[in-house]
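Below is one structure, written out as structure tokens; comments come after it.
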Amino acid sequence: MTIVVIGPETLRLGFESGGAEFVSTDTPQEALQRVLESSSKEGVGILLVASMFAQPIQTELDLIRATRPLPLILEIPDFEVKPREQSEWLSSITAIFGIKVS
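Numbering (our numbering), first residue to last: 86 to 187.
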């Protein structure tokens with residue numbers, strides 16, 4: 086199962102060093118295109134999208150999540166956007182999977 090990271094070039098080195106496939110993008114709309122392309126590739130299990138791109142396209146990402154069980158699409162912190170509070174992350178996991186994480 087492949088992990089794909091979609092984000093700005095500044096995140097490339099760290100994620101590629103960890104074995105993830107990296108897709109560089111410059112805008113939220115370009116990131117959405119890359120999410121759609123990557124989510125239809127066979128073998129992709131997790132998509133990590135940088136916050137600076139994920140937040141503006143949150144509605145579209147939620148629609149994709151609601152219609153496809155895989156890949157799992159998660160927002161990750163980047164250097165441009167302050168990370169969301171942990172409680173929001175836990176609420177998202179509860180809403181998506183129907184489980185409570187403490």
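Glycine residues also receive a C-beta, built at the ideal position from the N, C-alpha and C atoms.
A quick note: this is a predicted structure, and the numbers were derived from the prediction, not measured.
For residue i, the three-state DSSP class (helix, strand or coil)
i    : result
E160 : strand
L132 : strand
E106 : strand
L96  : helix
E127 : coil
Burial state of residue i, where buried means 16 or more other Cβ atoms lie within 10 Å
i    : result
L146 : buried
A116 : buried
F164 : exposed
G99  : exposed
S125 : exposed
L121 : exposed
S123 : buried
A151 : exposed
Boundaries (first-last residue) of the beta strand (DSSP E) holding residue i
i    : result
T87  : T87 to G92
S123 : Unbroken run through S123 is the alpha helix (DSSP H), P113 to S124; no beta strand (DSSP E).
8 Å contact criterion, which residue i and residue j should meet: CB distance rounded
i    : j    : result
S136 : P162 : 6 Å
heavy atom of the ligand MN below 7 Å from residue i C-beta
i   : result
T87 : Annotation note on the ligand MN: not contained in the displayed structure, which lists no ligands.
Residue i: first and last residue of the uninterrupted alpha helix (DSSP H) it sits in
i    : result
L146 : Q143 to T152
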